[in-house]
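Participant:
Numbering (our numbering), first residue to last: 173 to 474.
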């Protein structure tokens, strides 16, 4: 049971694509609701003899107003909560639930005002039923659209970053003409007597593994090798801080950007193919800008 709960919590904390083109998030679901009400005429709307178009347009406008509160107002009032790199699936579900609640309350008030009804719980229950039956259509449509939009953008940017890779990726001489850096031996040590020395330019990537860090590097023969060292990722990062081409790209990964041979994009972000390593290195949203800037400089020949 505990394992199941932990998986559910991890699922809620998983990154979710940022909201793109916010005005469409406000307008398109509201228009979809209007068309459903106008053409299918559920909930007795077919018996409405006068001003049907105007009344249903009012529902669309109320929905737009409520959605605009969540999409535009709340990010201004609570900027830390809505930071792009911290946006998760759990927050997205919570925001969607909040949208549904506000739209229901808005339509409840609008229905009472339009038809001269009492603002009571029975009417609220009816409006809630409307949301339950109609709401899933725009919600699913928006989630699919948002993910596809994010995927398209990430694929395009991955192609642009790949444009700078062939000339410089996989460089092993340890020099960087633009930065004037030189290769050097780095001694990695944690809280024990165990140490490991390697050339910084030969490091491919480092991955946190509990109380250890797994180093993936090129040995003397140029083959990919691994070393499990009792050290924290933060300690490894501090030891390699002098080498600007080795960066933290994820809470559990350090990567040598000189050895990246391919960048791939998906709806969640980017993944890096490093040298001949079998596993790809993920890039979390908090570090996307650093990676993009580095490859943009490579593409421009800096």
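In this text, a Cβ means the ideal position worked out from N, Cα and C, and glycines have one as well.
Is the number of C-beta pairs between the stretch 247-258 and the stretch 302-315 that are closer than 8 Å three or more?
Facilitator: At 8 Å Cβ cutoff, the stretches do not touch.
Participant: Within 10 angstroms of the Cβ of residue 470, are there 16 or more other Cβ atoms? Answer buried if so, exposed if not.
Facilitator: buried
Participant: Residue 385 and residue 370: beta carbons closer than 8 Å?
Facilitator: no
Participant: Can you find the residues in the same chain that come closer than 7 Å, C-beta to C-beta, to residue 267, ignoring five residues on each side of it along the sequence?
Facilitator: A distance below 7 Å between beta-carbons, with the five flanking residues on each side excluded, links residue 267 to the following residues of its chain, in chain order: 242.
Participant: In this structure, does DSSP put residue 260 in helix, strand or coil?
Facilitator: strand
Participant: Look up residue 207 in the DSSP assignment and give the residues it is bridged to.
Facilitator: In DSSP, residue 207 forms no bridge with anything.
Participant: Based on DSSP bridge pairs, tell me the residues matched to residue 368.
Facilitator: Answer by DSSP bridge pairing, in chain order: 360.
Participant: Taking C-alpha atoms, which residue in 406, 390, 368 lies nearest to residue 430?
Facilitator: 390
Participant: In this structure, does DSSP put residue 456 in helix, strand or coil?
Facilitator: coil
Participant: Compare the Cα-Cα distances from residue 188 to each of 300, 224, 248, 322 and report the closest residue.
Facilitator: 322
Participant: Since residue 461 and residue 454 should fall inside the 8 Å C-beta cutoff, what is the C-beta to C-beta distance between them, to a whole number of angstroms?
Facilitator: Between residue 454 and residue 461 the Cβ distance is about 15 Å, and since that is not below 8 Å, they are no contact.
Participant: Between which residues of its own chain and residue 139 is the CB-CB distance below 6 Å, once the five residues before and five after are set aside?
Facilitator: Past the edges of the chain, shown from 173 to 474, lies residue 139, and the structure says nothing about it.
Participant: With the cut-off set at 8 Å, would you say residue 333 and residue 464 are in Cβ contact?
Facilitator: yes
Participant: State the DSSP-derived secondary structure class of residue 306, mapped to helix, strand or coil.
Facilitator: helix
Participant: May I have the straight-line CA-CA distance separating residue 345 from residue 315, to the nearest angstrom?
Facilitator: Confidence at residue 345 is low in this model, with a pLDDT of 42, below 50, so its placement is unreliable and the value that follows should be read with caution. Cα to Cα, residue 345 sits roughly 46 Å from residue 315.
Participant: Take residue 261 as the anchor and find which of 394, 367, 183 has the nearest alpha-carbon.
Facilitator: 183
Participant: Would you give the residue range spanned by the beta strand (DSSP E) that residue 244 belongs to?
Facilitator: Unbroken run through residue 244: none, as it is neither H nor E.
Participant: Which whole-angstrom value describes the C-beta separation of residue 283 and residue 239, a residue pair presumed to lie in contact below a C-beta threshold of 8 Å?
Facilitator: Rounded, the Cβ-Cβ distance is 18 Å, inconsistent with contact.
Participant: May I ask you to report which of helix, strand or coil DSSP gives residue 251?
Facilitator: Coil, per DSSP.
Participant: Under a Cβ-count criterion, where at least 16 other Cβ atoms within 10 Å of its own Cβ denotes burial, should residue 174 be classed as buried or exposed?
Facilitator: exposed
Participant: Which one or two residues does DSSP pair with residue 436 in a beta bridge?
Facilitator: 443
Participant: Once you ignore the five residues that flank residue 447 on each side, which residues in its own chain have a CB closer than 6 Å to its CB?
Facilitator: 376, 431
Participant: Quick one: residues in its chain with C-beta nearer than 8 Å to the C-beta of residue 290, no 5 flanking neighbours on either side, listed in chain order?
Facilitator: 284
Participant: On the CB-based measure, 16 or more other CB atoms within 10 Å of its CB, does residue 359 come out buried or exposed?
Facilitator: exposed
Participant: Determine the burial state of residue 415: buried for a count of at least 16 other Cβ atoms within 10 Å of its Cβ, exposed for fewer.
Facilitator: buried
Participant: Taking all protein chains shown into account, decide if residue 280 is buried (16 or more other Cβ within 10 angstroms of its Cβ) or exposed.
Facilitator: buried
Participant: Give every residue of the same chain whose Cβ lies closer than 6 Å to the Cβ of residue 207, excluding the five residues on either side of it in the sequence, and list them in chain order.
Facilitator: None.
Participant: Please go through the same chain and pick out, in chain order, the residues whose beta-carbon is closer than 7 Å to the beta-carbon of residue 423, but skip the five residues on each side of it.
Facilitator: 456
Participant: For a test of the three-state rule: what should DSSP assign to residue 462, helix, strand or coil?
Facilitator: In the structure shown, residue 462 sits in a helix (DSSP, three-state: H, G or I).
Participant: Just to confirm before moving on: does the CB-CB distance between residue 372 and residue 418 stay below 8 Å?
Facilitator: yes
Participant: Using a 10 Å radius around the Cβ and a threshold of 16 neighbouring Cβ atoms, would you call residue 441 buried or exposed?
Facilitator: buried
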